[in-house]
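Line by line, the protein sequences are chains A and B.
The first sequence stops at residue 228 when you use the working numbering, and every number in between is there.
The second sequence stops at residue 228 when you use the working numbering, and every number in between is there.
Number of protein chains: 2
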Amino acid sequence: MGKHQEIEEVINDLRRIFQAISQHSREAERESGLTGPQLWALQILDTAAPIRVSELANQMYLSAATVVGIVDRLEAKQLVSRTRSTADRRAVDLDLTRQGRELVDRAPKVTQVMLLKGLEALPDADLEVVAAGMKQMVRILGAEALVPQPLQHSLQG
Amino acid sequence: MGKHQEIEEVINDLRRIFQAISQHSREAERESGLTGPQLWALQILDTAAPIRVSELANQMYLSAATVVGIVDRLEAKQLVSRTRSTADRRAVDLDLTRQGRELVDRAPKVTQVMLLKGLEALPDADLEVVAAGMKQMVRILGAEALVPQPLQHSLQG
DNA sequence: TTTATATAATTCGTAACACAAATTATTAGC
DNA sequence: GCTAATAATTTGTGTTACGAATTATATAAA
């Protein structure tokens with residue numbers, strides 16, 4: 072295979088990876104009956120609750136005004152609870168309800184699981200090839216310093 | 072480095088790649104003053120115009136109703152023209168205006184260019200490592216059969 | 001201690017997607 | 001010619017996303 076052709080193949084494979092992940096993400100939305108941002112908020116709450124609205128906005132890289140709307144809808148679906156903080160009565164603590172926790176726990180983490188299992192199943196030599204290849208791609212894109220964000224969330228806004 | 076740690080590293084690198092690409096895409100939006108879907112529509116028109124509204128909707132995987140709105144806004148910015156087809160007077164042919172073509176031509180294709188140049192600059196042996204690594208990731212995600220879509224557009228809806 | 005400033009969440013107003021359903025105009029099939 | 005189907009659009013609804021203004025509370029300064 073010519074060099075040019077091999078380069079095309081690499082780029083096409085990267086596109087396939089993108090597409091696969093965004094498809095999985097869409098399926099998670101369909102199965103949960105939630106939108107992407109709503110699911111994203113739940114996942115943050117699952118690992119960080121109880122947290123304030125401002126902290127959730129921070130972690131989602133969104134304005135507080137936007138997050139308030141998302142939380143409104145999650146609260147209406149009884150997946151998230153608001154509690155006025157007693158320590159600082161300006162603040163509101165967000166938490167998952169039992170239903171919210173159940174939903175997010177059984178929400179499919181298809182991509183994550185596929186990647187982990189697939190990589191674990193690889194012979195050590197192959198895994199090192201994958202690792203080296205990814206490192207090169209990161210270097211080419213100048214992305215070494217980026218703090219890695221959850222995959223689905225690069226797909227949002 | 073332990074195997075588990077190496078797997079974590081691979082996944083984090085994939086996240087960095089995603090993040091870098093979505094950042095580039097956001098910059099393109101900022102520089103062009105257009106939204107993601109608007110830019111995407113222009114890029115399709117750049118390669119396929121003149122096409123009908125229904126065909127544009129097809130290629131964007133969106134409903135016709137949605138595309139009509141996007142085209143409305145692009146027409147208002149004088150980047151796209153609507154022409155009622157003479158052959159089939161139900162249909163409308165979309166095309167880029169001179170301004171539209173200029174805009175899309177100088178719209179940054181940062182990701183594509185970085186990837187191409189970076190991969191071209193690699194020694195053959197390294198390129199093959201990258202290619203092999205990407206192929207493994209595609210296999211793990213079961214994405215071999217996916218028709219590769221432009222990178223940015225997996226980031227949209 | 002009062003005053004000023006900052007902070008936390010919310011509301012309000014605006015814009016863009018995104019879709020289903022209904023509508024209008026036109027074409028194609030019988 | 002009458003009926004079906006098709007192409008684009010309009011209408012109505014919901015979600016994200018933000019800046020600016022608002023309300024309530026906390027902190028700092030005087």
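Even glycine gets a Cβ: it sits at the ideal position worked out from N, Cα and C.
The region 169-204 of chain A contains, as complete alpha helix (DSSP H) runs of 4+ residues, the segments 169-177 and 181-192 (chain order).
Each of A:K74, A:H75 and A:A112 was checked against the Cα of R172 (chain A), and the nearest Cα belongs to A:A112. Residues of chain A with a Cβ closer than 7 Å to the Cβ of Q220 (chain B) are, in chain order, R86 and Q90. As DSSP reads the structure, D143 (chain B) sits in no beta bridge. Taking 9 Å as the upper bound on Cβ-Cβ separation, chain B lies near residues F89, Q90, A91, I92, S93, Q94, H95 and R97 of the region 89-122 of chain A. Sixteen is the threshold: when 16 or more other Cβ atoms of the shown chains lie within 10 Å of the Cβ of M208 (chain B), as they do, the residue is buried. Collapsing the DSSP output to three states places L133 (chain A) in coil. At a cut-off of 9 Å between C-beta atoms, G204 (chain A) counts as an interface residue with respect to chain B.
Assigned with DSSP and collapsed to three states, S152 (chain B) falls in strand. When secondary structure is reduced to three states using DSSP, L105 (chain A) falls in the coil class, being assigned neither helix nor strand. The beta-carbon distance between V175 (chain B) and Q114 (chain B), rounded to whole angstroms, is 6 Å. This is short enough to meet the 8 Å contact definition. One finds P219 in chain B with Cβ atoms closer than 8 Å to the Cβ of N83 (chain A), taken in chain order. CA-to-CA, the gap between I92 (chain B) and I211 (chain B) works out to about 21 Å. Taking a Cβ-Cβ cut-off of 8 Å, the neighbours of D195 (chain B) in chain A comprise K74, given in sequence order. Around the C-beta of V138 (chain A), 16 or more other C-beta atoms lie within 10 Å, and the residue is accordingly described as buried.
At a cut-off of 9 Å, the C-beta of E199 (chain B) has a neighbouring C-beta in chain A. Taking a C-beta distance under 9 Å as the contact criterion, E146 (chain A) and R153 (chain A) qualify as a contact pair. Within chain A, no residue has its beta carbon less than 8 Å from that of Q130 (chain B); the closest one is some 15 Å off.
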